[in-house]
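Peer 1: Encoded as structure tokens, here's the structure I'll be asking about.
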Amino acid sequence: MKLRHAILLTAIAILLTACNFTLAADVTPPPGYVEPTPMPTLGPLSPASAPDIANGKIIYTEKCAPCHGQNGLGDGQQGKQLPVTVAAFALPETAHKATPAQWFTVVSQGNLDRFMPPFASLNDQEKWDVVAYAFTFHMTDEQVASGKDLFEAKCTECHADGFTQEFMAGKSADNIAFAISNGYKDMLAIDMPEEDAYAIASYLRMQTVALPAAPVAVSATETPVSAETGTPSAETTPVDGTQAAVTPEAGTPQAAAEVTVTTEATLAAGFGTVSGAIDNQTGEALPSGIKVTLSALEHGADPNTGPSEIASLETTANADGTFVFENVEIPENRIFIAEAIVNGQSYQSEFAVVEAGMTELVIPTIAIFDSSDDFSVLTIDSLQLHFDFANETDVQIFGVYTISNPTDKSIQIKMEAQQAIPFVPFPDGSTPLGYEATQDTAAFVQTADGFAMPPSTTPYGLIAFASYPKADTIVVSQSVPLPISGVSILLPEGLKAEGDQLTDEGVQTMQNASFHIYTTGALKKDETLKFTITGKVQDTTVNPNIMQNK
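Each residue of the sequence shown is one higher than the one before, counting from 2 in the numbering used here.
So, in structure tokens, the structure goes:
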């Protein structure tokens, strides 16, 4: 297994050294793995006027492309260094299930669970602009044109209007396609291929945006003028106080004339002190000369990924473990995290976010613990095995582990040359694909040869990815290095699992799809989980109510 080493930038520290903590492009996340959208506390979740996708493109290029990539594929250079999965807006499976209101809410409110503060530098209309532009990545001109023809032929008689900004902001492509194919209330179902229903959904989405204005020819002798893009010239002021200058993106209407824009970024707030302390729970005196690193981070308008580091400062902790950083720029919403190196091991604080008007910021304490390499003291609270048969040649397996460290020691895990986690095995005969931390996990700590799991009241979460070649009968055999309180097995409807350890819980609906679920009782250490899978997947996807404004 060739795994990528991610750079440690944020307090979650979810990476494992040399582990790939990014889902492969062809790996479908299991049910329950999508982070929920924050509940809105905003005004009406619809744009006051039609979003301007030309302006949205300018905003996206400046603030989103470094993580999401120029074409929305999640392959931006900064995004590759983040220890979180970067959303790929260009993938239909990502865009089809999202509503504009959801993406607007995340951009507006932020998501502090993933270290994204509210994105206050854009006004509401600019947020709708960039959200609308992000929705264009998965569409093609041909698809929209086809959707127009289909809508005019099959829908106009009953639905000539009604697709308002308010209505469309709360509807996903999945919502619309489901209503077309299945009907809703007085609306009759239309028998058409799925791709046609989604083409109509794309056409209706494009009817809510303002098309780019035609370029205006300008005389070559005309005096150059400054252009207002409606977007601040820089998301943040550089920590060193230097000013930023930008020019409008080539290809926009303003580029038809000779345009030069130079703007000065003003400080969002003043300077102050950042302080904190080391909470020593080792039972021994702290060593002298502990180096503490303070990282400053800011978001880049990305609704699904963490921020980028913009500054790093160092100091030495006092004998009692306290530390202070003087004369630090602390504008509103900047994120700070402290890291201490003790006896060769890295420990991090939780994050702290600057509030308006602050001159003093106190970082949460950095807890350090005595260590042990005996991972047998860990407990596996649950294991969910998800089987995905969508691939034509392989069956993808997602093993979602919930793990607790009930001790007062930090458990050190060595991954050795094979880059394997010793208590998270892959099924016999499968092809290992890698590991990823779940989004709500306690913070893993990076070490030189693996990672550590300090005591935590929050469980740790890991996903192990593997695959089997497709076959009429799949035999699953997996070792149990640690006791497991119980296992849940989720199969697409139509498949059946058989094994002496399994209890059939019937078919249930999760994440808009039907699954046949099996469970086990508690499994003992060194026991083996065995079962076989047979049958054929049924296409029984359940779509959400089109009137549901998620």
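The C-beta atom is built at its ideal place from N, Cα and C for all residues, glycine as well.
The model shown is predicted, which means the values in this text are computed figures rather than measured ones.
Where does Ser173 land, buried or exposed, given buried means 16+ other C-beta within 10 angstroms?
Peer 2: By one-based count along the sequence shown, residue 173 stands at place 172. By the 10 Å Cβ count, Ser173 comes out buried.
Peer 1: Could you tell me the boundaries of the alpha helix (DSSP H) in which Ser203 lies?
Peer 2: If you number the sequence shown from 1, residue 203 lands on position 202. From DSSP, the alpha helix (DSSP H) with Ser203 extends over 195-207.
Peer 1: What first and last residue would you give for the beta strand (DSSP E) that runs through Val343?
Peer 2: Your numbering for residue 343 matches position 342 in the sequence shown. Per DSSP, Val343 belongs to the beta strand (DSSP E) from 336-343.
Peer 1: Should Val329 go down as buried or exposed, given a rule of 16 or more other Cβ atoms within 10 Å for buried?
Peer 2: To locate residue 329, count along the sequence shown from 1; it is residue 328. Counting Cβ neighbours within 10 Å, Val329 comes out buried, since at least 16 surround it.
Peer 1: Give a yes or no on whether the C-beta atoms belonging to Asp197 and Leu151 are separated by under 7 Å.
Peer 2: Numbered from its first residue, the sequence shown carries residue 197 at position 196. Numbered from its first residue, the sequence shown carries residue 151 at position 150. In this structure, Leu151 lies closer than 7 Å to Asp197 by Cβ.
Peer 1: For the alpha helix (DSSP H) that Pro93 lies in, which residues bound it at each end?
Peer 2: Numbered from its first residue, the sequence shown carries residue 93 at position 92. First-last of the alpha helix (DSSP H) with Pro93: 93-96.
Peer 1: Indicate the three-state DSSP secondary structure (helix, strand or coil) for Ser478 in the structure shown.
Peer 2: Here the question's residue 478 lines up with position 477 in the sequence shown. Strand.
Peer 1: Measure from the alpha carbon of Pro308 to the alpha carbon of each residue in Leu314, Glu499, Ser296, then state which is nearest.
Peer 2: Numbered from 1 along the sequence shown, position 307 holds the residue referred to as residue 308. With distances taken between Cα atoms, Pro308 lies closest to Ser296.
Peer 1: Going by alpha carbons, who is nearest to Gly277 out of Ser350, Gly271, Glu310?
Peer 2: As a working note, residue 277 is residue 276 in the sequence shown. The candidate whose alpha carbon is nearest that of Gly277 is Ser350.
Peer 1: Considering His69, what are the terminal residues of the alpha helix (DSSP H) in which it resides?
Peer 2: What you label residue 69 is simply residue 68 of the sequence shown in a count that begins at 1. Start and end: 66-69.
Peer 1: Going by C-alpha to C-alpha distance, which of Ile412, Ile475, Asn334, Gln397 sits closest to Phe370?
Peer 2: Looking up residue 370 in the sequence shown gives position 369. Of Ile412, Ile475, Asn334, Gln397, the residue nearest in Cα terms is Ile412.
Peer 1: Which residue comes first and which comes last in the alpha helix (DSSP H) that contains Gln166?
Peer 2: What you label residue 166 is simply residue 165 of the sequence shown in a count that begins at 1. 166-170 is the span of the alpha helix (DSSP H), which, as asked, contains Gln166.
Peer 1: Take Gly171 as the anchor and find which of Met140, Glu127, Phe105, Met359 has the nearest alpha-carbon.
Peer 2: Against the sequence shown, residue 171 aligns to sequence position 170. Nearest C-alpha to Gly171: Phe105.
Peer 1: Are Gly77 and His69 closer than 7 Å when you measure CB to CB?
Peer 2: By one-based count along the sequence shown, residue 77 stands at place 76. By one-based count along the sequence shown, residue 69 stands at place 68. It is a contact, given that the beta carbons lie within the stated cut-off.
Peer 1: Starting from Phe452, trace the beta strand (DSSP E) both ways and give me its first and last residue.
Peer 2: Taking the first residue of the sequence shown as 1, we reach residue 452 at position 451. First-last of the beta strand (DSSP E) with Phe452: 451-454.
Peer 1: Quick one, which of Phe179, Asp450, Asp125 has its alpha-carbon nearest Ala418's?
Peer 2: In the sequence shown, residue 418 corresponds to position 417, counting from 1. Checked all of Phe179, Asp450, Asp125; the closest Cα to Ala418 is Asp450.
Peer 1: In angstroms, rounded to a whole number, what distance separates the CA positions of Gln71 and Ala55?
Peer 2: Mapped onto the sequence shown, residue 71 falls at position 70. Mapped onto the sequence shown, residue 55 falls at position 54. Answer to the nearest angstrom: the Cα atoms are 14 Å apart.
Peer 1: Taking contact to mean 3 or more Cβ pairs, one atom from each stretch, closer than 8 Å, check whether the segment 438-450 and the segment 482-496 are in contact.
Peer 2: no
Peer 1: By Cβ distance, which residues of its chain are closer than 7 Å to Leu92, with the 5 residues on each side in sequence left out?
Peer 2: Counted from its first residue, the sequence shown places residue 92 at position 91. The answer, listed in chain order, is His139.
Peer 1: Tell me which residue opens and which closes the beta strand (DSSP E) that Ser489 is part of.
Peer 2: As a position in the sequence shown, residue 489 is number 488, starting the count at 1. Ser489 -> beta strand (DSSP E) spans 488-493.
Peer 1: Just to confirm the assignment, what range does the alpha helix (DSSP H) spanning Gln144 have?
Peer 2: Mapped onto the sequence shown, residue 144 falls at position 143. Residues 142-155.
Peer 1: Taking all protein chains shown into account, do 16 or more other C-beta atoms lie within 10 angstroms of the C-beta of Phe179, making it buried, or fewer, making it exposed?
Peer 2: Along the sequence shown, one-based indexing puts residue 179 at 178. Phe179 is buried by the Cβ-count criterion.
Peer 1: Short of 8 Å in beta carbon distance, which residues of its chain neighbour Lys525, apart from the five on each side in sequence? Order them along the chain.
Peer 2: Sequence index remark: in the sequence shown, residue 525 carries index 524 (1-based). Taken in chain order, the residues that qualify are Val481, Pro484.
Peer 1: Out of Pro52, Pro48, Ala312, point me to the one whose CA is closest to Met207's CA.
Peer 2: Within the sequence shown, numbered from 1, the residue matching residue 207 stands at position 206. Met207 has its Cα closest to that of Pro52, out of Pro52, Pro48, Ala312.
Peer 1: Output needed for Leu74: all residues of its chain with C-beta closer than 7 Å, excluding positions within five of it in sequence on either side, in chain order.
Peer 2: Against the sequence shown, residue 74 aligns to sequence position 73. Within the same chain, Leu74 has close Cβ partners Ala89, Ala91.
Peer 1: So, Glu340 versus Ala357, is the Cβ gap smaller than 7 Å?
Peer 2: Your numbering for residue 340 matches position 339 in the sequence shown. Your numbering for residue 357 matches position 356 in the sequence shown. No; because the gap between Cβ atoms is not below 7 Å, this pair is not in contact.
Peer 1: Quick one: is Glu167 buried, meaning 16 or more other Cβ sit within 10 Å of its Cβ, or exposed?
Peer 2: Along the sequence shown, read from residue 1 onward, the residue named residue 167 stands at position 166. So Glu167 counts as exposed.
Peer 1: Give me whichever residues DSSP pairs with Leu123 in a beta bridge.
Peer 2: Within the sequence shown, numbered from 1, the residue matching residue 123 stands at position 122. In DSSP, Leu123 forms no bridge with anything.
Peer 1: Quick check on the DSSP output: the alpha helix (DSSP H) that includes Ile181 runs from which residue to which?
Peer 2: As a working note, residue 181 is residue 180 in the sequence shown. Note, Ile181: alpha helix (DSSP H), 174-183.
Peer 1: Residues in its own chain within less than 7 Å of Val476 by CB, not counting five upstream and five downstream?
Peer 2: To locate residue 476, count along the sequence shown from 1; it is residue 475. Cβ within range, chain order: Thr533.
Peer 1: From Lys531 to Glu499, what distance separates their C-alpha atoms?
Peer 2: For the purposes of this step, residue 531 is identified with residue 530 of the sequence shown, where counting begins at 1. For the purposes of this step, residue 499 is identified with residue 498 of the sequence shown, where counting begins at 1. Counting only the Cα atoms, Glu499 lies some 9 Å from Lys531.
Peer 1: Give the range of the beta strand (DSSP E) segment to which Pro470 is assigned.
Peer 2: Within the sequence shown, residue 470 is the residue found at index 469, counting from 1. Run containing Pro470: 461-470, per the beta strand (DSSP E) assignment.
Peer 1: Compute the beta-carbon to beta-carbon distance between Val325 and Thr274, rounded to the nearest angstrom, for a pair I have assumed lies under 8 Å.
Peer 2: For the purposes of this step, residue 325 is taken as residue 324 along the sequence shown, with counting starting at 1. For the purposes of this step, residue 274 is taken as residue 273 along the sequence shown, with counting starting at 1. With 8 Å as the limit, Val325 and Thr274 qualify as a contact, their Cβ atoms being about 6 Å apart.
Peer 1: In angstroms with no decimal places, state the Cα-to-Cα distance between Val538 and Ala391.
Peer 2: Taking the first residue of the sequence shown as 1, we reach residue 538 at position 537. Taking the first residue of the sequence shown as 1, we reach residue 391 at position 390. Going from the Cα of Val538 to the Cα of Ala391 covers about 9 Å.
Peer 1: What's the C-alpha gap between Tyr204 and Gln144?
Peer 2: Start at 1 with the first residue of the sequence shown, and residue 204 comes out as number 203. Start at 1 with the first residue of the sequence shown, and residue 144 comes out as number 143. Going from the Cα of Tyr204 to the Cα of Gln144 covers about 8 Å.
Peer 1: Could you name the residues that DSSP lists as bridge partners for Ile412?
Peer 2: Numbered from 1 along the sequence shown, position 411 holds the residue referred to as residue 412. Ile412 pairs with Ser373, Met454.
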